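Undergrad: The numbering of the sequence shown is this note's numbering, which starts it at 32 and goes up by one. For each residue, glycine too, the CB sits at the ideal point set by N, CA and C. This one's a predicted model, so the numbers in the text were calculated from it and none came from an experiment. Below you'll find the structure I mean.
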Amino acid sequence: HKKTKGGLTKFLIRWEDKTESWENISKIHNMFSEPPESILDYASGHDLLNHRDCQWLKQFMTGSSTLVEVIGHRDYQGNIEVCCRFDNGDEEWTSVKEILRDGDKD
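See below:
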């Protein structure tokens, strides 16, 4: 994804015919009655659901939650993990390597 000069979010879309194009999230909103699962996954995984032009995606998320805080860390089988608490009360141990790898996708 990228931001335009006006601050709008664009996604690089790979179409069925294998072509690619940068599309404004509002155009995607107008094209689909419900966004493709890949858009939801990407937006959620890259913390875009709270951006003003992506907030409409939240209504299509099932079981979505927001990270509230990191409440602990541990060494698990030679990997550093952090325990994340979400706004729905769930807690999840996540590898720091995984978090850093996901962050590199931006």
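1. If you drop the 5 nearest sequence neighbours on each side, which residues of the same chain put their C-beta closer than 8 Å to that of L39?
2. In the DSSP assignment, what residue or residues form a beta bridge with F91?
3. For S64, does the three-state DSSP call read helix, strand or coil?
4. Assign L88 to one of two classes, buried (16 or more other C-beta atoms within 10 Å of its C-beta) or exposed (fewer than that).
5. Given a cut-off of 8 Å on the beta-carbon distance, is the pair V127 and I111 in contact?
TA: The relevant details are as follows:
1. Position 8 of the sequence shown holds residue 39. Same-chain partners within the cutoff: N55, I56, S57, D84.
2. In the sequence shown, residue 91 corresponds to position 60, counting from 1. Bridge partners of F91: none, in fact.
3. Taking the first residue of the sequence shown as position 1, residue 64 is located at position 33. Residue state, collapsed to three classes: coil.
4. The sequence position of residue 88 within the sequence shown is 57, counting from 1. Per the 10 Å Cβ criterion, buried.
5. For the purposes of this step, residue 127 is taken as the residue at position 96 of the sequence shown. For the purposes of this step, residue 111 is taken as the residue at position 80 of the sequence shown. Yes.
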